[in-house]
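In order, the protein sequence lines correspond to chains A and B. Reminder that position 211 of the first sequence reads as 211 in the UniProt record's numbering, one-by-one numbering, no gaps. Reminder that position 101 of the second sequence reads as 101 in the UniProt record's numbering, one-by-one numbering, no gaps. Glycine residues also receive a C-beta, built at the ideal position from the N, C-alpha and C atoms. Predicted model only: the values in this text are computed from it and were never measured.
Number of protein chains: 2
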Amino acid sequence: MARDGEPSQFPKTGRFLAGRLRHDMSQSEQVELENMAGSIKTYPDGHRLIARGDVCDHSTILIDGFMLRTLESDDRRYGVSFHVPGDFVDLHCFALKRLDHNIDCVGPTTIAQIPHSEILKTMKERPHLARLFWFSTMLDAAMHREWIMKLEQLTAPRRIAHIFAEVWRRLEMVGLGFEDGFETPLRQADIADMCGATPIHTNRALADLRKKGIADFQRGAVRIPDRNRLEEFAVFTPDYLFGEGALYLRDYD
Amino acid sequence: MARDGEPSQFPKTGRFLAGRLRHDMSQSEQVELENMAGSIKTYPDGHRLIARGDVCDHSTILIDGFMLRTLESDDRRYGVSFHVPGDFVDLHCFALKRLDHNIDCVGPTTIAQIPHSEILKTMKERPHLARLFWFSTMLDAAMHREWIMKLEQLTAPRRIAHIFAEVWRRLEMVGLGFEDGFETPLRQADIADMCGATPIHTNRALADLRKKGIADFQRGAVRIPDRNRLEEFAVFTPDYLFGEGALYLRDYD
DNA sequence: CGTTGTCTTGACTATGGTCAAATCCCGTGG
DNA sequence: CCACGGGATTTGACCATAGTCAAGACAACG
Numbered sequence: 001m002a003r004d005g006e007p008s009q010f011p012k013t014g015r016f017l018a019g020r021l022r023h024d025m026s027q028s029e030q031v032e033l034e035n036m037a038g039s040i041k042t043y044p045d046g047h048r049l050i051a052r053g054d055v056c057d058h059s060t061i062l063i064d065g066f067m068l069r070t071l072e073s074d075d076r077r078y079g080v081s082f083h084v085p086g087d088f089v090d091l092h093c094f095a096l097k098r099l100d101h102n103i104d105c106v107g108p109t110t111i112a113q114i115p116h117s118e119i120l121k122t123m124k125e126r127p128h129l130a131r132l133f134w135f136s137t138m139l140d141a142a143m144h145r146e147w148i149m150k151l152e153q154l155t156a157p158r159r160i161a162h163i164f165a166e167v168w169r170r171l172e173m174v175g176l177g178f179e180d181g182f183e184t185p186l187r188q189a190d191i192a193d194m195c196g197a198t199p200i201h202t203n204r205a206l207a208d209l210r211k212k213g214i215a216d217f218q219r220g221a222v223r224i225p226d227r228n229r230l231e232e233f234a235v236f237t238p239d240y241l242f243g244e245g246a247l248y249l250r251d252y253d
Numbered sequence: 001m002a003r004d005g006e007p008s009q010f011p012k013t014g015r016f017l018a019g020r021l022r023h024d025m026s027q028s029e030q031v032e033l034e035n036m037a038g039s040i041k042t043y044p045d046g047h048r049l050i051a052r053g054d055v056c057d058h059s060t061i062l063i064d065g066f067m068l069r070t071l072e073s074d075d076r077r078y079g080v081s082f083h084v085p086g087d088f089v090d091l092h093c094f095a096l097k098r099l100d101h102n103i104d105c106v107g108p109t110t111i112a113q114i115p116h117s118e119i120l121k122t123m124k125e126r127p128h129l130a131r132l133f134w135f136s137t138m139l140d141a142a143m144h145r146e147w148i149m150k151l152e153q154l155t156a157p158r159r160i161a162h163i164f165a166e167v168w169r170r171l172e173m174v175g176l177g178f179e180d181g182f183e184t185p186l187r188q189a190d191i192a193d194m195c196g197a198t199p200i201h202t203n204r205a206l207a208d209l210r211k212k213g214i215a216d217f218q219r220g221a222v223r224i225p226d227r228n229r230l231e232e233f234a235v236f237t238p239d240y241l242f243g244e245g246a247l248y249l250r251d252y253d
């Protein structure tokens, strides 16, 4: 199943850009990146790795587990994006200095951190690798945009189906998908936060997906009998993930 | 009214990052940027500058007028973000190569374009300026995130109020706001596209804002009697714009 | 003046929120 | 092994927000 991203050779950063532009990284860039990453750390479910407004001097690569980017308002938490292994979750804050959002762990997670001084050095000495870093943050922006459209376009059951479709694809890109779905520590309340619905409505929407035979979400795993049916229901087109497809990049220059 | 951004000295790029990190640009960087920009062009209302999937070898700085980033699905147009003068509207595509979205003109617009070869040179020779470019794209991502939350959190009248509050502030940052509101060529249908509502519902929501005395949107201009009331109604906090406020950046390093 | 696009209004339906309560699930302690 | 407790999930009844279809008013422009 694992296609790209060699976690064995590069245990900390082997999944970075897997399925996208990893093929455009030279061996020496891959080694360089791996060496930039500091010691491996683990966090429990629900841990808030970074809070809005924190000044940060390092960025985090997610090795194992899942994370949620969140914003808070009126005592409610809103999910703005979801992260899977290989994602450079807060590279944004290298350019922004302060992060405008929180980074929350969903389930137990394993990470490594890269000091911003290393990234600055990369910008000065390795413009090609720097551009790949930039690319990875632009990928997040493209996913944000797609999600904005989907929030505007879709009803709750379809929004949830869209989340499932996207996460499944992204997990496959880093070698973590299964034939019939994927594993996830998400709770219904997390999904509610992610699609801006109440937990109660989310519950009914999940029941609807189950009844329709589109997706069966149960404690820790999503089973999807028919990918086409799911993606059609969710009006999901994977181009914006910049994997294979209409927007796929062969390489730079 | 104009605080930052000196369009006289730098007619093409003088508003870039005005109100944010422009103070962190050296005189030589400002000159360099201005020189990178090609000839000035104008486009009519509704012109689609770039379409999703286009491969681009230059990026556009908006000098005058307004633009809308849009995505299309099921024959409907969805606005994902709005742009004001000084915005580097499609710098994203330097890193992404193909753009995942469209760039549409709202009203007549004036722009200049910067070839990607120049930006590549900047990355190799001027890492500090390159980082400011990156910053400006991360600003877009931060605005996307805020908008995701607002879509999840707010009803239609409040969404519209939020758009007004944000656009007003951003126009002020580049010296184009007025005491009591701002001018805009937006139609009700555009606002509908931007907040994911039907034109009919948007019309009622605008009537609601008018009745409440929060904002009066009329052909080409928005009049806002009381900023505090608008921002409170919209649950608007300007931090995420990275102007003055909790997330403000003094400078890099 | 009529044509066209934009805006406005009305009546009805569907999607999602709120409050309240019941049930399920699983780890803990007896 | 079984009762207990707390979090997570499920169900029901009712209300609010937003979409749909249809039609009318308004304004700008020829």
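Check your understanding: Mind checking if K124 (chain B) is an interface residue toward chain A, Cβ cutoff 7 Å exclusive?
Key -> yes
Point to revise | Which listed residue (B:D226, B:A197, B:L17, B:D75) has its alpha carbon closest to that of F133 (chain B) | key: B:L17
Check your understanding: Among residues of its own chain, excluding the 5 on either side of R223 (chain B), which ones have a beta-carbon nearer than 6 Å to its beta-carbon?
Key -> D180, G181, D216
Point to revise | Per-residue DSSP class, three states only, for C56 (chain A) | key: coil
Review point. Does the stretch 35 to 43 of chain A come close enough to the stretch 114 to 121 of chain A that 3 or more CB-CB pairs lie under 8 Å?
Key: yes
Check your understanding: Given a limit of 8 Å on CB to CB distance, which residues of the stretch 141 to 156 of chain B reach chain A?
Key -> So the close ones are A141, A142, H144, R145, E146, W147, I148, M149, L151, E152, Q153.
Exercise for review: Taking only beta-carbon positions, decide if residue 295 (chain B) is within less than 7 Å of chain A.
Suggested key: With chain B running from 1 to 253 in the structure shown, residue 295 (chain B) is simply not present.
**Study point:** Buried versus exposed, by CB contacts within 10 Å (16 or more), E244 (chain B)
**Key:** Exposed, by the Cβ-count rule.
**Study point:** Runs of beta strand (DSSP E) lying entirely within the UniProt domain "HTH crp-type" (154 to 228) of chain B, each at least 3 residues, in chain order
**Key:** 181 to 183, 216 to 218, 221 to 223
Check your understanding: Helix, strand or coil: which one does DSSP assign to Q27 (chain A)?
Key -> Of the three classes helix, strand and coil, the one that applies to Q27 (chain A) here is helix, per DSSP.
Review point. What is the residue span of the beta strand (DSSP E) that K41 (chain A) lies within?
Key: 40 to 43
Exercise for review: Taking S59 (chain B) as the query, report the chain A residues whose CB atoms sit under 7 Å from its CB, ordered along the chain.
Suggested key: Near S59 (chain B) there are no residues of chain A at all, since even the closest Cβ is about 12 Å away, more than 7 Å.
Point to revise | C-beta contact flag for I61 (chain B) and A112 (chain B) at 7 Å | key: yes
Exercise for review: Report the neighbours of T137 (chain B) on chain A: residues whose CB is nearer than 9 Å to its CB, in chain order.
Suggested key: Counting only Cβ-Cβ distances below 9 Å, T137 (chain B) has contacts in chain A at A95, W134, T137, M138, A141, in chain order.
Exercise for review: Please work out which residues of its chain come closer than 7 Å, Cβ to Cβ, to F233 (chain B), disregarding the five sequence neighbours upstream and downstream, and give them in chain order.
Suggested key: Excluding residues up to 5 positions away in sequence, R158, A161, I214 lie with their Cβ nearer than 7 Å to the Cβ of F233 (chain B) in the same chain.
**Study point:** DSSP bridge partner residues for A112 (chain B) (one or two, in chain order)
**Key:** B:I40, B:I61
Exercise for review: Please report the residue range of the alpha helix (DSSP H) in which H92 (chain B) lies.
Suggested key: Its alpha helix (DSSP H) spans residues 92 to 96.
Review point. Taking just the CA atoms, how far does A130 (chain B) sit from S28 (chain B)?
Key: 14 Å
Exercise for review: Could you tell me which chain B residues have their CB closer than 7 Å to the CB of P127 (chain A), listed as they occur along the chain?
Suggested key: M123, K124
Practice item. Answer yes or no: does any C-beta atom of chain A fall closer than 7 Å to that of V89 (chain B)? Key: no
Exercise for review: Run down chain A in chain order and give the residues with a C-beta less than 8 Å from the C-beta of G19 (chain B).
Suggested key: In chain order: nothing, as chain A lies at least about 15 Å away.
Practice item. For L129 (chain B), name the three-state secondary structure that DSSP assigns. Key: helix
Point to revise | Where E146 (chain A) falls, given that 16 or more other Cβ within 10 Å makes a residue buried | key: buried
Check your understanding: Can you name the residues that DSSP bridges to N102 (chain B)?
Key -> In the DSSP secondary-structure assignment, N102 (chain B) is bridged to B:T70.
Exercise for review: Kindly indicate if chain B contains any beta-carbon less than 7 Å away from that of L71 (chain A).
Suggested key: L71 (chain A) has a beta carbon lying within less than 7 Å of a beta carbon in chain B.
Review point. Is the Cβ of H92 (chain A) closer than 7 Å to any Cβ of chain B?
Key: yes
Exercise for review: Report the three-state DSSP secondary structure of L230 (chain B) (helix, strand or coil).
Suggested key: helix
Point to revise | C-beta contact flag for I103 (chain B) and M67 (chain B) at 7 Å | key: yes
Exercise for review: Compute the minimum distance between the beta carbon of L230 (chain B) and the heavy atoms of the ligand NAD, and state whether it is under 6 Å.
Suggested key: The ligand content of the structure shown is nil, which means the ligand NAD is not present either.
Check your understanding: Buried or exposed: which applies to P85 (chain A), given that a residue is buried once 16 or more other Cβ atoms fall within 10 Å of its Cβ?
Key -> buried
Check your understanding: How about A205 (chain B) and A156 (chain B): are their beta carbons less than 7 Å apart?
Key -> Yes, Cβ-Cβ distance for A205 (chain B) and A156 (chain B) is below 7 Å.
Point to revise | 7 Å Cβ cutoff met for L154 (chain B) and F242 (chain B) | key: no
Point to revise | Cross-chain neighbours of D100 (chain A) in chain B, by beta carbon under 8 Å | key: A142, R145, E146, D239, Y240, F242, L247
Practice item. State the start and end residues of the unbroken beta strand (DSSP E) segment that holds F242 (chain B). Key: Here F242 (chain B) belongs to no beta strand (DSSP E), and DSSP marks it neither H nor E.
**Study point:** With 16 other Cβ atoms within 10 Å as the buried cut-off, status of A207 (chain A)
**Key:** exposed
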